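Under our numbering, the residue at position 91 of the sequence shown is numbered 91, and the numbers go up by one with no gaps. Just so you know, even glycine gets a beta-carbon here, dropped at the ideal spot from N, CA and C. Everything numeric in this text was worked out from a predicted model, so none of it was measured. Report on the structure given below.
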Amino acid sequence: MAVPVHEQKVQAVVAPAVPFILRPQPAVDCAKEKCVALTFDDGPGRYTERLLDQLKKENARATFYLLGQNAPLYPQTLRRMVSEGHQLGNHTFDHKSLTALSKAQVSEEVNASAQKIKDIAGFAPDTMRPPYGARNPEVDSLINVPMVLWDVDTLDWKHHDPKQTVKIALDEVSDGSIILMHDIHESSVKAVPQLISKLKHKGYKLVTVNELFSDQDFVGSKTYARRA
Ligand code: NI
1 MAVPVHEQKV QAVVAPAVPF ILRPQPAVDC AKEKCVALTF DDGPGRYTER LLDQLKKENA
61 RATFYLLGQN APLYPQTLRR MVSEGHQLGN HTFDHKSLTA LSKAQVSEEV NASAQKIKDI
121 AGFAPDTMRP PYGARNPEVD SLINVPMVLW DVDTLDWKHH DPKQTVKIAL DEVSDGSIIL
181 MHDIHESSVK AVPQLISKLK HKGYKLVTVN ELFSDQDFVG SKTYARRA
C-alpha cells in the first residue's frame, strides 16, 4: 500500500517528538542475569499492535528492525513501541541486499529509513540490521551504528508454524542470545506468548539489544550476533 507523500508529511508534522527523557534506562544487568533479546524484523505490519499487547502483558521488551517504507503506515505503532520501552532499529528503507548496491545506494537505503523513523519517533535508530544479514567490509565501513545480527534463527518466515518457532528458539537459545523473528507474519506473533512464558521459566530476562550490550563494547561498523 502506497501512502501519498502529502499524508506522510501530515503524519510527520502532527507526530510529537519523543523527549529523550522518556526513553527507558537499562533495568536489567546482563552481566549478572540470563538475558535474551527478541528481535522482530520487516515491520511494522498489521499484527504488530497485537504483538505489543502481548509484550506489555508479559512486561517484556523487544527490538524492532523496521523498514523505512513501512514506518509511515503505522506512526502510532512506532510511538507506542517507544513509550512502552521497546527499541527501534533500522532495517533499511525497502529491504534490498546491501552487498548488491553501490556505496551511494547503501547510504541512501540506510539514511532514508533512519529519516522516516526519526520523523515519526523523534529520533533515529541507533542500531541497524542489514537485510538477509548481507554485509561485507565495504558495507560495514558505511554504517556508523552497530550492526545487529542474530544467533538464533527461528525460520518463522519459512514454516509459519508457531510451535516450530517456539521449539527452535528454545532448542537454540543460550545466555546472551539474539532471536530473529518477523512480526509481519501472524504465525510468528502467535508464537510469542508461549515463547516468552517458556523463556521466563528458564530464567531469562527479555531485554532490548541496547540493554543486552549496555556494559560492552558496542560500536559502529561492527557486527554483533550475540552478547559476548
Ligand atoms: Ni528482513
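For residue 89 and residue 63, which I take to be in contact (beta-carbon distance under 8 Å), what is that distance rounded to the nearest angstrom?
Against the sequence shown, residue 89 aligns to sequence position 89. Against the sequence shown, residue 63 aligns to sequence position 63. Residue 89 to residue 63, Cβ: 5 Å. Contact.
For residue 201 and residue 114, the rounded distance between their alpha carbons:
Numbered from its first residue, the sequence shown carries residue 114 at position 114. Numbered from its first residue, the sequence shown carries residue 201 at position 201. Using only the alpha carbons, I get a separation of about 36 Å.
Please classify residue 174: does DSSP put it in a helix, a strand, or coil?
Translated into the one-based positions of the sequence shown, residue 174 becomes position 174. Residue state, collapsed to three classes: coil.
Do residue 165 and residue 147 have their CB atoms nearer than 8 Å?
Indexing the sequence shown from 1 puts residue 165 at position 165. Indexing the sequence shown from 1 puts residue 147 at position 147. Contact flag unset, no.
Out of 122, 191, 198 and 223, which has the shortest C-alpha to C-alpha gap to residue 141?
Here residue 141 refers to the residue found at position 141 when the sequence shown is read from its first residue. For residue 141, the nearest C-alpha among the options comes from 223.
Using a threshold of 8 Å, state whether the C-beta atoms of residue 192 and residue 78 are closer than that.
Residue mapping note: residue 192 aligns to position 192 of the sequence shown, counting from 1. Residue mapping note: residue 78 aligns to position 78 of the sequence shown, counting from 1. No, these two residues do not count as a Cβ contact at 8 Å.
Over the uninterrupted beta strand (DSSP E) stretch that includes residue 54, give me the two end residues.
Taking the first residue of the sequence shown as position 1, residue 54 is located at position 54. Unbroken run through residue 54 is the alpha helix (DSSP H), 48-57; no beta strand (DSSP E).
Exposure label - residue 36; buried when at least 16 CB within 10 Å
In the sequence shown, counting from the first residue as 1, residue 36 sits at position 36. With 16 or more other Cβ atoms within 10 Å, it is buried.
How big is the Cα-Cα spacing for residue 226 and residue 105?
Sequence index remark: in the sequence shown, residue 226 carries index 226 (1-based). Sequence index remark: in the sequence shown, residue 105 carries index 105 (1-based). If I take the Cα positions, the gap works out to 28 Å.
Residue 137 burial status per 10 Å Cβ neighbour count (16 or more: buried)
Numbered from 1 along the sequence shown, position 137 holds the residue referred to as residue 137. Under this definition residue 137 is an exposed residue.
If you drop the 5 nearest sequence neighbours on each side, which residues of the same chain put their C-beta closer than 8 Å to that of residue 58?
Mapped onto the sequence shown, residue 58 falls at position 58. Only 193, 196, 197, 200 and 206 meet the Cβ criterion.
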